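Chemist: This is the structure I want to talk about, given as structure tokens.
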Amino acid sequence: MAKNSRKATINNSPGKNKITALERLLLDNLAEVLFVSDENGTLKYVSPGFEALTGLPKEAVIGVPYKVMIHPDDLPRVEASWQSTLHAEGPRGEDFRVFTPDGEEKFIRVDGRAYYDEHGKPIGSVGIIRDVSKRRKLELELAERNAELEEANRKLARLHKMKDEFVAKLSHEVRTPLVTGLGYVELLLEGSLGRISKEASDAMQVAARNLSRLSDLMDDILNYQTLLRPEFGDKPVLTDFDPAKLINECVAELVIRTGFPLDMIKINTLDEPHMVRADKEMIHRVLNNLLDNAVKYGDKQNRIEVSLKRGKKNMTISVQDNGIGMTETVRKKVTQPFFKNDVNSPGSGLGLSIVKSILDTHGSKLAIRSIKGRGTTITFSLPLGGRPGAEDAKSKLGQIPLTSLEGAKILVVDDDPDTVEFLDLVLTSRGCDVTSASTGEEALDVVCDNDFNLFLIDLTLPYMTGAELIRKLKMKKKCKPVPSIILTAIPEKEAMAIVKRMGCDGVITKPATLSTLLDKIRMVLEKAGNKKKAVKKNADTLPVLKIRGKAGQRKKLAPKKARIRES
């Protein structure tokens, strides 16, 4: 008996199980419906509210098994719950459907527990019945809405994927011709293809500015889209680097990209090099955007000042101009995506939005101080990194060295003939021995008969992608020590993730300036130890291009018959 001390028991002695008039009065007036059943589930008692709940008079259900009232689909579940109730010491509950006499379907909930005789044997159950039709109706409606929302999310995901694919395709189709468009304009402007008149030079400068604007617009859209994607936007790759060197690189790029006078830019650095810990590629983008804005919103007397200031735990970087400035209203909105104070002004309106998004991923705040007509100062901070290495300690600010690449044997793999022709012209004139291929299969054929110092491979190739080609090249013993650079139209941050995953040595994002293209190739060759001659540096001019075939050699593979990809 001790083990059944917590169980409800019924004493079957004569007179002991009778309900008094007062007890019946209380039971009949409960808000919920009370029921008592025997061990077979036959109802022995229901309170008067049962008829209002189910529409069935209680006289019609007393002595009737509960099973006859339950929806057939719910019966197996209720039967299992009933058996559990008889053998459980605590209360059990279950929702199920019943039909009223007029055919209405109702959801009711029964919460009951077993009661026992003096020997501990279950002889029935007792509990309460509630109408939960309204609750279940709301739950069903909520389930339907959730199903509709899930379907809408699936459609939205499909649309996002289509959008990403469209933007990626558009990027490739727009940025690939920009490689040759901007490249040949640069060659014309520097006089490498012969002297041109002042009128032609002025026209070329207008063309260069507008091509650069188109390139910048694509950069902004693609970088903003990348930052919205969590696989890239939320995970900066933190490394230690010298911000002074990065500032110098960005200023040099600005001068080349925009023609802004170098003597109008002042760089305030520290006496000794200091490292910061951040994503170098992302901060590179931040500085480029801030410097571009300083040029864009300046005037003829505009001066730009870039400063570094070391704190106890952080390095503060500021970019200041004395341009047109902005009002307080504009200042508060300027980091919103696509916001432009003047709708007719050039640009996408994404520059500072991208800057803010990047700094948010670093836990850094963007501070903007501006006075209308008196310029703007934008400041942000980065945490200090480790101690600088020997190379960093010796480095000084200066021009990015321009190089000669004489003697380098380079395989160019790109399916765009104009891009191949342009790269061939630029590289052979610098003394390179260039071989080109338009597909991955052609490239694999030619590496068997040649020794190369560098592979320059487009990421988007027919039949076999650039990534697949690089994996196959790495499987060839003679190709393992050869460094590779990928050419791509996707955003630089995403491209760097691909480079890291593929084990490549560098990436050149289309379109790239001549200096960026040549400097990246030089750095990769030097790092790999494949350069045979000393690098010749000249901070003032690029070497004049020579007619292809005199400075270097170019080998073009004979086109193969088109291969049909098997499905």
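Numbering of the sequence shown is given in the numbering used here, commencing with residue 285 and proceeding in unit increments. Backbone N, C-alpha and C fix where the C-beta goes; we use that ideal spot for every residue, glycine too. Small disclaimer: the values here were computed from a predicted structure and weren't measured.
1) Under three-state DSSP, which class holds residue 323?
2) Please report the straight-line C-alpha distance between residue 715 and residue 800, rounded to a whole angstrom.
3) Using alpha carbons as the reference points, say which of 636, 796, 563, 644 lies closest to residue 541.
4) Let me know the secondary structure DSSP gives residue 784 once reduced to three states.
5) Which first and last residues belong to the alpha helix (DSSP H) in which residue 532 is found?
6) From residue 659 to residue 593, what distance separates their C-alpha atoms?
7) What residues are listed by DSSP as bridge partners for residue 798?
8) Here's a check: name, in chain order, each residue in its chain whose Cβ is nearer than 8 Å to the Cβ of residue 323, leaving out the five neighbours to either side.
9) Consult DSSP for residue 598 and reduce its assignment to one of helix, strand or coil.
10) With respect to the alpha helix (DSSP H) encompassing residue 573, which residues constitute its N-terminal and C-terminal limits?
11) What's the gap between the Cα of residue 543 and the Cα of residue 438?
12) My assumption, with CB atoms under 8 Å, is that residue 766 sits in contact with residue 739. Please give the rounded CB distance.
13) Use the C-beta contact count for residue 780: other C-beta atoms within 10 angstroms, 16 or more gives buried, fewer gives exposed.
14) Determine the DSSP secondary structure at residue 692, reduced to helix, strand or coil.
15) Assuming contact is defined by CB atoms lying nearer than 7 Å, are residue 532 and residue 591 in contact in what I supplied?
16) Can you give me the C-alpha to C-alpha distance between residue 500 and residue 427, rounded to a whole angstrom?
17) Can you say whether residue 617 is buried or exposed, counting buried as having 16 or more other CB atoms within 10 angstroms of its CB?
18) Could you tell me the boundaries of the alpha helix (DSSP H) in which residue 644 lies?
19) Got a sec? Which residues, its chain only, sit under 6 Å from residue 652 by beta carbon, not counting five neighbours each side?
20) Can you grab the Cα-Cα spacing for the pair residue 430 / residue 441, in whole Å?
21) What residue range does the alpha helix (DSSP H) around residue 701 cover?
22) In the DSSP assignment, find the unbroken beta strand (DSSP E) run with residue 754 in it and report its ends.
23) Kindly indicate which residue of 458, 319, 378 has the alpha-carbon position closest to the one of residue 774.
24) Where does residue 881 fall in DSSP's three states?
25) Looking at the strands, I want to know which residues DSSP matches up with residue 414.
26) Check the DSSP bridge columns for residue 604 and list the partner residues they point to.
27) Once DSSP output is grouped into helix, strand and coil, what is the label at residue 375?
28) For residue 678, count the other beta carbons within 10 Å of its own beta carbon; 16 or more makes it buried, fewer makes it exposed. Which is it?
29) May I have the straight-line CA-CA distance separating residue 523 from residue 376, to the nearest angstrom?
30) Tell me, to the nearest whole angstrom, how far the beta carbon of residue 342 is from that of residue 334; I am working on the premise that it is less than 8 Å.
31) How many whole angstroms separate the CB atoms of residue 857 and residue 599, which I take to be in contact at a CB cut-off of 8 Å?
32) Specify the secondary structure class of residue 487 as computed by DSSP and reduced to three states.
33) With burial defined as no fewer than 16 other Cβ atoms inside 10 Å of the residue's Cβ, what is the status of residue 763: buried or exposed?
Modeler: To lay it out plainly:
1) coil
2) 18 Å
3) When each option's Cα is compared against that of residue 541, the closest is 796.
4) helix
5) Residue 532 -> alpha helix (DSSP H) spans 527-542.
6) 20 Å
7) Beta-bridge pairing links residue 798 to no other residue.
8) 370, 406, 407, 408
9) strand
10) 564-580
11) The alpha-carbon atoms of residue 543 and residue 438 are separated by roughly 48 Å.
12) 6 Å
13) buried
14) coil
15) no
16) Pairing residue 500 with residue 427, the inter-Cα distance amounts to about 47 Å.
17) The residue in question, residue 617, is exposed, as its Cβ has fewer than 16 Cβ neighbours within 10 Å.
18) Judged by DSSP secondary structure, residue 644 falls within the alpha helix (DSSP H) whose first and last residues are 635-645.
19) 615, 662
20) 16 Å
21) 701-713
22) No beta strand (DSSP E) contains residue 754, which is instead part of the alpha helix (DSSP H) from 750-759.
23) When each option's Cα is compared against that of residue 774, the closest is 458.
24) Residue 881 cannot be examined here, being either before or after the span of the chain that is shown, 285 to 851.
25) 393
26) 589, 661
27) coil
28) Because residue 678 sits at a pLDDT of 46, beneath the cut-off of 50, its placement in the model cannot be relied upon, and the following sentence gives the value as read from the coordinates. Counting of Cβ neighbours within 10 angstroms places residue 678 among the exposed residues, the total staying below 16.
29) 59 Å
30) 5 Å
31) Residue 857 lies beyond the range of the chain shown here (285 to 851); nothing can be said about it.
32) helix
33) buried
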